[in-house]
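S.K.:
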Amino acid sequence: AEDTGVRVELAEENDGRKASIALRLWVEDPRKLKGKYKDGGVIEFTFDLEKEVPEGVAQEMVESGLFHESDAKIVGKSIRDRVALIKWRRERTVPS
Amino acid sequence: SATTQVVHSTGRRFIVSPVPESRLKDQ
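Line by line, the protein sequences are chains A and B.
With the numbering used here, the residue at position 26 of the first sequence is 69, and numbering never jumps.
With the numbering used here, the residue at position 15 of the second sequence is 146, and numbering never jumps.
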């Protein structure tokens, strides 16, 4: 596994239909979070599988003061990897 | 709890919480 210090997982049951899903981002390395968020470690947010771009959400987190600009790439990639997996699973699931 | 909400200008909400004890390791 890559040691990025950031992990993304689904925060809700994935019924395979909704475009908007809840994701939970775990920050394993607290040094990545800024200022008053240093005591945090879990960030929950929703992501639209059809309309949104992982890197865009990572940039919003940076603009919101959660992450340093230098971590935007890692955060974006972590979200992208998870989203790709979720989409892959959906494509393989044949609706009954 | 120490949960904090941040709302970006796009309207997206980020909910920041501490890591639960059970998920902490090496501490």
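Using N, Cα and C, we set each Cβ at its ideal position, and we do this for glycine too.
List the endpoints of the continuous beta strand (DSSP E) containing Val70/A.
M.R.: Ser63 to Val70
S.K.: Could you please tell me which residues of the stretch 94 to 111 of chain A, in chain order, have their CB closer than 8 Å to any CB of chain B?
M.R.: Val100, Glu103, Met104, Glu106, Ser107, Gly108 and Leu109
S.K.: If you reduce the DSSP assignment to three classes, tell me which class Asp114/A lands in.
M.R.: helix
S.K.: Starting from Leu106/A, trace the alpha helix (DSSP H) in both directions and tell me its first and last residue.
M.R.: One detail in the question is off: residue 106/A reads as Glu in this sequence, not Leu. Taken as a continuous stretch (DSSP letters only), the alpha helix (DSSP H) holding Glu106/A covers Pro97 to Glu106.
S.K.: Restricting to Cα atoms, I'd like to know which of Leu66/A, Trp131/A and Asp82/A is closest to Pro97/A.
M.R.: Leu66/A
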